[in-house]
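One structure below.
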Amino acid sequence: MALCEQFQADLTRAMKSGDKVRLATLRLLTAALKNRQIAKGSALDDTDALEALRLATKQRREAITLARQYGREEIAQQEEQELAILEAYLPEQLSTADLVQRIDTIIREVGATSAKDLGQVMRILMPTVQGRADGNTVNCLVRERLAGSLPG
């Protein structure tokens with residue numbers, strides 16, 4: 067089942083079951099997908115849907131951070147519930163150990179030795195971890211490994 071169809075089916079299930087948090091979250095997501103479809107001018111594929119989903123999860127994480135920063139714990143908790151619902155649709159995330167292993171392999175393959183080679187490493191690495199690792203996390207790990215903590 068395509069991801070957009072899955073969202074729609076789950077939205078219908080949430081309506082029938084009375085799950086208000088899931089219903090509101092999926093309505094916002096389907097609205098974002100509809101806006102993306104209008105902007106694109108054609109039907110969305112799973113890649114587009116995943117990108118919209120990643121953006122929605124990123125927005126929830128930022129909202130949680132801001133809510134906590136301003137002492138709005140009830141909003142942070144609501145955003146966390148929505149984030150958990152959205153994350154269930156994302157592909158399984160790579161562990162830090164897996165990421166480090168991939169990074170080290172690519173660093174050796176390209177012969178990267180300093181932070182100047184960051185772009186070259188990221189250009190090869192990102193397509194292989196797309197959707198399964200946060201870009202900021204990957205960037206930080208690559209910088210760490212290039213800064214001299216790479217063994218061997």
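Reading the sequence shown from the start, the letters are residues 67 to 218 in my numbering. Just so it is clear, CB atoms sit at the ideal spot from N, CA and C, and this is done for glycine as well. Note that the structure is a prediction, hence the values are computed from the model and not measured.
When the Cα atoms are used, Cys-206 and Lys-182 turn out to be separated by approximately 14 Å. For the pair Thr-131 and Lys-100, the Cα-to-Cα distance works out to about 27 Å. Taking each of Glu-153, Gln-125 and Val-87 in turn and checking the Cα distance to Gln-144, the smallest one comes out for Val-87. In this structure Thr-123 is in contact with Leu-149, their Cβ atoms being roughly 6 Å apart against a cut-off of 8 Å. Linking Thr-96 to Phe-73 through their CA atoms gives a straight-line distance of about 7 Å. When DSSP states are grouped into helix, strand and coil, Gly-185 belongs to the helix group. Cβ contact annotation for Leu-184 (same chain, cutoff 7 Å, sequence separation greater than five): Val-208, Arg-209 and Leu-212, in chain order.
Each residue's CA atom was taken as its position, placing Lys-106 and Ala-115 some 12 Å apart.
DSSP, read as helix, strand or coil, puts Arg-198 in coil. Collapsing the DSSP output to three states places Arg-102 in a helix. Here DSSP, grouped into helix, strand and coil, assigns Thr-179 to coil. Under the rule that a run must span 4 or more residues, the alpha helix (DSSP H) segments found entirely inside the stretch 95 to 145 read 112 to 135. For Glu-153, same chain residues with a beta-carbon under 7 Å away, outside a window of 5 residues either side, are Thr-123 in chain order.
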